[in-house]
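This report refers to the structure that appears directly beneath it.
What follows is the structure, encoded as structure tokens:
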């Protein structure tokens with residue numbers, strides 16, 4: 069049985085094409101007839117399953133005797149290389165591509181997920197197939213374009229992340245009515261389950277920092293530097309700015325950042341503001357009466373998107389959502405979870421889950437008795453029966469559960485560093501989040517040095533005559549980091565370049581970033597940061613010490629979070645100098 073995720077959509081395409089995709093499931097629609105009469109015949113070769121696709125379009129074993137079509141026939145398959153791709157799916161044939169007469173399997177998949185997420189089609193896992201719903205028939209059976217878009221508006225208001233985006237833009241409108249713009253980074257920061265690999269966000273001030281120091285790469289940075297939540301926000305705003313929806317307008321926002329005591333500004337074109345129609349839509353999406361609930365479509369798969377713990381996190385959160393149909397305290401929720409096999413779920417984790425429900429667009433209420441309730445009418449949330457291993461938290465989630473009881477002075481969103489330290493595919497975001505974490509300490513200044521041939525991160529005490537400075541190298545590997553010789557030698561080179569400060573060694577003079585206006589008085593230190601360290605890392609640290617005479621070490625993401633939290637704790641006499649001292653332990657901090 070296939071596991072088809074739905075709920076969060078990336079790269080979906082045009083709303084007009086979404087309507088066509090829903091119409092293919094209605095045998096009374098012109099779109100369905102077009103597929104049968106010529107689109108399949110002209111775009112799909114016999115050896116690529118042309119007759120199978122036609123037969124499935126003719127099937128009548130779905131909802132109310134409408135077609136029930138398998139995922140494979142809808143989406144087709146990929147070809148390697150892509151340049152040799154042929155059309156072998158119904159959705160592929162339906163939607164023209166930019167360079168070919170059809171789209172590939174990836175955008176076809178996104179259209180199917182999108183249609184299901186908005187409630188227009190239903191998935192049948194038994195045979196990995198889809199059929200139209202009664203709601204989908206409302207979309208297909210009206211030939212008036214405006215009427216179709218009214219159904220789309222109704223579907224969008226039932227999709228919680230749309231409500232969340234409108235809410236954020238509405239709040240900004242009330243704060244700054246003359247220019248209520250939010251960038252995709254500002255929206256992404258407040259969207260989704262914060263602190264998880266599946267809902268990443270690029271810190272805007274660090275993006276702007278990178279742009280103003282690399283102006284030639286501005287367009288590339290704005291395109292490539294995008295977390296998953298940033299992308300979700302941009303995609304949703306893309307739907308809402310459609311002229312037939314008109315809930316959001318796109319504009320350019322000028323964003324400033326302070327670098328070395330100077331203010332710099334850059335424009336971010338992916339910025340959005342709410343319209344009057346959008347304000348009315350947001351108000352419609354929220355219950356205005358104590359007894360009236362607004363329908364929200366929440367799929368099980370929406371509650372976590374990545375990692376081996378998807379099943380665990382989705383089930384825990386689904387149980388909480390269902391329980392919050394009525395008022396309950398976090399302690400009652402904890403007991404409810406324990407009765408269903410979810411032990412060791414801290415009160416902090418429960419509160420954080422509840423907070424995150426608001427971040428996906430649900431309306432969570434609280435009262436003076438410290439009780440919570442979700443006022444929305446939740447539909448489509450079904451908890452499947454999962455195998456026991458899927459309901460046992462992994463090392464990453466166990467680490468987060470443990471940290472949730474220990475960390476009191478850092479927002480738990482920084483727990484995404486635990487995921488990123490093992491991800492291996494989001495190294496730049498890992499670096500930026502480390503910089504953001506370190507800058508929570510007022511007596512520390514951390515910088516991300518964009519560009520090649522220089523360290524990724526440096527940090528120092530931001531005084532006129534600073535005491536300490538450190539060169540940091542963050543590495544994300546699924547099974548842990550062993551400091552290979554190439555990375556060891558690179559660190560040795562950085563230390564020599566810093567000590568000699570000779571532009572003949574490196575013309576970019578990266579070490580000048582330590583001047584404020586003087587260099588740190590103490591010898592520079594170095595640190596490797598990763599999810600875990602394995603194999604020869606201790607001998608590599610000893611090698612660096614022998615070659616440079618400089619003290620350094622390694623620190624895990626978990627330990628770094630703990631150390632920063634300890635520095636921020638006013639009840640403990642642990643200072644930034646103590647932190648720097650530990651970074652020079654010539655071992656594992």
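In this note's numbering, the protein residues as written are 69 to 657.
Positions of the beta carbon are idealized from the N, C-alpha and C atoms, including for glycine.
Computed from a predicted model, the values in this text were never measured in an experiment.
Short check: CB of residue 605 to CB of residue 525, under 7 Å?
no
Residue 136: first and last residue of the uninterrupted beta strand (DSSP E) it sits in:
136-138
Bridge partners of residue 317, per DSSP?
341
Helix, strand or coil for residue 390? Go by DSSP, reduced to three states.
helix
Mapping the DSSP letters down to three states, classify residue 587 as helix, strand or coil.
coil
Does the pairing of the stretch 394-412 with the stretch 360-371 give three or more beta-carbon distances under 8 Å?
no
Could you pull the start and end residues of the beta strand (DSSP E) that residue 620 belongs to?
620-624
Could you give the DSSP three-state label for residue 176: helix, strand or coil?
helix
Measuring alpha carbon to alpha carbon, tell me which residue in 370, 563 and 347 is nearest residue 248.
347
Output the boundary residues of the beta strand (DSSP E) element that contains residue 197.
197-200
For residue 554, name the three-state secondary structure that DSSP assigns.
helix
Is it buried or exposed for residue 110, if we count other Cβ within 10 angstroms and need 16 for buried?
exposed
Just confirm the distance between the C-beta atoms of residue 162 and residue 89, as a whole number of angstroms; I'd bet it's less than 8 Å.
7 Å
Alpha carbon of residue 427 to alpha carbon of residue 261, nearest angstrom:
7 Å
Compare the beta carbon distance of residue 592 and residue 566 with 7 Å and say whether it is the shorter of the two.
yes
Using 8 Å as the cut-off, can you tell me whether the stretch 97-105 makes contact with the stretch 175-184, which would need three or more C-beta pairs spanning the two stretches below that distance?
no
Determine, using beta carbons only, whether residue 601 and residue 549 come nearer to each other than 7 Å.
yes
I need the straight-line Cα distance from residue 387 to residue 442, nearest angstrom please.
13 Å
Specify, as a first and last residue, the run of the alpha helix (DSSP H) that residue 525 falls within.
Careful: residue 525 lies outside any alpha helix (DSSP H), inside the beta strand (DSSP E) at 525-528.
Where residue 210 falls: helix, strand or coil (DSSP)
coil
Can you tell me the Cβ-Cβ gap for residue 473 and residue 416, rounded? I've got them flagged as a contact below 8 Å.
6 Å
Spatial neighbours of residue 653 within its chain, please: C-beta separation below 8 Å, excluding the five flanking residues on both sides.
619 and 621
Would you decide whether residue 315 is buried or exposed? Buried here means 16 or more other CB atoms lie within 10 Å of its CB.
buried
Helix or strand or just coil, what does DSSP make of residue 479?
coil
Please tell me whether residue 137 and residue 122 are closer than 7 Å, where the distance is taken between their beta carbons.
no
Taking only three categories from DSSP, how would you classify residue 653?
coil
In the structure shown, what three-state DSSP assignment does residue 519 receive?
coil
Leaving out the 5 sequence neighbours to the left and right, which residues in its chain are closer than 7 Å to residue 511 when beta-carbon positions are compared?
529 and 644
Between which two residues does the beta strand (DSSP E) carrying residue 420 extend?
Taken as a continuous stretch (DSSP letters only), residue 420 belongs to no beta strand (DSSP E), being part of the alpha helix (DSSP H) at 415-427.
Suppose contacts are defined by Cβ-Cβ distances below 7 Å. Is residue 131 in contact with residue 87 by that definition?
no
According to DSSP, residues forming a beta bridge with residue 593
538
Might you give, ordered along the chain, the residues of its own chain that have their beta carbon closer than 8 Å to the beta carbon of residue 83, omitting 5 neighbours on each side?
217, 220, 307, 310, 312 and 313
Say yes only if the C-beta of residue 550 is nearer than 6 Å to one or more non-hydrogen atoms of the ligand GDP, and no if none qualify.
The ligand GDP is not part of this structure, which contains no ligands at all.
Let me know if residue 444 comes out buried or exposed under the rule of 16 or more other beta-carbons within 10 Å of its beta-carbon.
buried
Does the Cβ-Cβ distance between residue 633 and residue 475 come in under 7 Å?
yes
What residues in its chain sit with their C-beta under 6 Å from that of residue 543, if we drop five residues either side in the sequence?
549 and 598
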